[in-house]
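In the order they appear, the protein sequences are chains E and X. Mapping the first sequence onto the working numbering, position 126 (from 1) lands on 123, and the numbers just tick up by one. Mapping the second sequence onto the working numbering, position 74 (from 1) lands on 71, and the numbers just tick up by one. C-beta: ideal position from N, C-alpha, C; glycine also.
2 protein chains.
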Amino acid sequence: MELAEARLKFIEAWGKLGSEWGINRTMAQVHALLMISPEALTTEEVMNELSISRGNANMTLRDLIDWGLVEKQHKTGERKEYFYAEKDVWIIARRVAEERKKRELTPIIKILDQLSEVKGDEKDPAFKTFKTSVTDINKLAGNVNKTLDMMLKAEENWFFGSILKVFK
Amino acid sequence: MELAEARLKFIEAWGKLGSEWGINRTMAQVHALLMISPEALTTEEVMNELSISRGNANMTLRDLIDWGLVEKQHKTGERKEYFYAEKDVWIIARRVAEERKKRELTPIIKILDQLSEVKGDEKDPAFKTFKTSVTDINKLAGNVNKTLDMMLKAEENWFFGSILKVFK
DNA sequence: TTTTATTTTCATTTTTTTTTGAAAGTTTAA
DNA sequence: TTAAACTTTCAAAAAAAAATGAAAATAAAA
Chain E
-2 MELAEARLKF
8 IEAWGKLGSE
18 WGINRTMAQV
28 HALLMISPEA
38 LTTEEVMNEL
48 SISRGNANMT
58 LRDLIDWGLV
68 EKQHKTGERK
78 EYFYAEKDVW
88 IIARRVAEER
98 KKRELTPIIK
108 ILDQLSEVKG
118 DEKDPAFKTF
128 KTSVTDINKL
138 AGNVNKTLDM
148 MLKAEENWFF
158 GSILKVFK
Chain X
-2 MELAEARLKF
8 IEAWGKLGSE
18 WGINRTMAQV
28 HALLMISPEA
38 LTTEEVMNEL
48 SISRGNANMT
58 LRDLIDWGLV
68 EKQHKTGERK
78 EYFYAEKDVW
88 IIARRVAEER
98 KKRELTPIIK
108 ILDQLSEVKG
118 DEKDPAFKTF
128 KTSVTDINKL
138 AGNVNKTLDM
148 MLKAEENWFF
158 GSILKVFK
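Right, here's the structure in full:
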């Protein structure tokens, strides 16, 4: 397969995967494009490569920066901004995990904590089933949370650091 | 908080979480409703509780069955079907992991394998960057795949079985 | 068989999400 | 300053996803 064709397929596949996981298809595609680009690209280049509008490119790039996956670069003597993507898959995975933890896991744990305090009749099956579900999910979410914290700090830890190397 | 209010909040939160992870909000809500229902419900009951149409309820319930999260039940002497949800969070997590692995991980690994075979000039930075990205992602995906396999079989394994108990 | 209860399908409508593009805003340089 | 280069915003349009509901299909009972 030729590079040009392979690049397009990769961008398409990454976009599809993203959309299946609740990430805007275009955002995943811009990310894919920047990941496989050795040099930083301008907004104009992103627009042209992916045939998207200026507004869309601008907002998507900003989102990617918010996710910590892309950084703005300035070239001396040039006025326009360049965008460069982190290329280390391990760091990418970390950033995504961190963001989703912050955006989704933490809020749901907060709600589950509130719901755990529901009061009712212990003999009522509806109450018992509800309470058990919420408690169990809360427990699991708490464990996932702790494990993620541990993994995100794992680089500093000799034991988990060595376990994580298995994934690299 | 009263049970009725807590139930509504739980259903809403579960729906939101689902939609953030690429799962149809209604499907997540139906799942939430069945999870906290001690008894199996009829299509009619699901429709009324969540104010959704018959068609929607029917298709959503079928999807949940496909995901292995809900089962059809028949009560003797009754003509209509009842739907009952698995309540063990651990089993739910397993089923979701299995399905997403099958639906998303396996296909993307297949594509990455194809893309790994791209031919080009080793001195071309565009080629090198592409190849490195694809290879690294492929490696990571392969490791995630292996780890999931291991975890999904872990119940049978004394060592990982005991590690997984930490999550329960 | 015919009737009745129940489930499934799917063309159409509705809702939600995403994209566009032109105007407004900002920054640099002349 | 003023103008040119570039970026951001956001109301409106377009596209995509989800939901509706009535008709068709199916299955059990009379």
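- Residue-level contact check: Ile106 (chain X) does not touch chain E, since none of the beta carbons of chain E fall below 8 Å from its beta carbon.
- One alpha carbon belongs to Thr23 (chain E), the other to Lys125 (chain X), and they sit about 24 Å apart.
- The Cβ atoms of Tyr79 (chain X) and Thr39 (chain X) lie closer than 8 Å to each other.
- According to DSSP, Ala3 (chain E) shares a beta bridge with no other residue.
- Chain E places no beta carbon closer than 8 Å to that of Gly12 (chain X), leaving this residue out of the contacts.
- Within the same chain, Cβ atoms closer than 7 Å to the Cβ of Met32 (chain E) are found at Ala82 and Lys84, the five residues on either side in sequence being excluded.
- Not a single CB atom of chain E sits nearer than 8 Å to the CB of Glu42 (chain X).
- Listed along the chain, the chain X residues whose CB falls inside 9 Å of the CB of Lys150 (chain E) amount to none; the nearest CB is some 17 Å away.
- Chain-order list of chain E residues neighbouring Asp133 (chain X): Lys84, Asp85, Val86, Trp87 and Lys165, by C-beta distance under 9 Å.
- With fewer than 16 other Cβ atoms inside 10 Å of its own Cβ, Ala1 (chain E) counts as exposed.
- Taking 8 Å as the CB threshold, Ile8 (chain X) stays off the interface with chain E.
- For the region 50 to 83 of chain X, there are no residues whose beta carbon sits under 8 Å from a beta carbon of chain E.
- Contact with chain E is absent for Ser159 (chain X), since none of that chain's Cβ atoms lies less than 8 Å from the residue's Cβ.
- For the set X:Gly74, X:Ile88, X:Trp87 and X:Asn21, the Cα lying nearest the Cα of Leu58 (chain X) is the one of X:Asn21.
- One finds nothing in chain X with a Cβ atom closer than 8 Å to the Cβ of Glu96 (chain E); even the nearest lies about 12 Å away.
- In the three-state reduction of the DSSP assignment, Leu30 (chain X) falls in the helix class.
- With respect to the C-alpha of Leu30 (chain E), the residue from E:Ala10, E:Lys116, E:Ala138 and E:Asp118 having the closest C-alpha is E:Ala10.
- A contact is defined here as three or more CB-CB pairs under 8 Å, and the region 96 to 111 of chain E meets this definition with respect to the region 132 to 147 of chain E.
- Between Lys128 (chain X) and Val115 (chain X), the C-beta spacing is below 8 Å.
- As for any alpha helix (DSSP H) of minimum length 4 sitting wholly inside the region 23 to 71 of chain X, the runs are 40 to 47 and 51 to 63, ordered along the chain.
- Within the region 86 to 116 of chain E, the runs of alpha helix (DSSP H) that reach at least 4 residues and sit entirely inside it are, in chain order, 86 to 97 and 103 to 113.
- For Ala123 (chain E), the uninterrupted alpha helix (DSSP H) run begins and ends at Pro122 to Leu149, by DSSP.
- Membership of Glu75 (chain X) in any beta strand (DSSP E) is not indicated, and neither H nor E is assigned to it by DSSP.
- Shown here for Asn53 (chain X): same chain residues with a beta carbon closer than 7 Å to its own, the five before and five after excluded, namely Thr23 in chain order.
- Here Ile8 (chain X) is buried, its C-beta having at least 16 other C-beta atoms within 10 Å.
- A Cβ-Cβ contact shorter than 8 Å links Leu66 (chain E) with Arg92 (chain E).
- Shortest Cα-Cα distance from Lys120 (chain X) to any of E:Gly19, E:Ala25, E:Pro35 and E:Lys13 involves E:Pro35.
- Close CB contacts of Ala94 (chain E) within its chain, under the 8 Å cut and outside five residues either way in sequence, are with Leu145, Met148 and Leu149 (chain order).
- Residue pairing by DSSP puts Ala82 (chain X) in a beta bridge opposite X:Val67.
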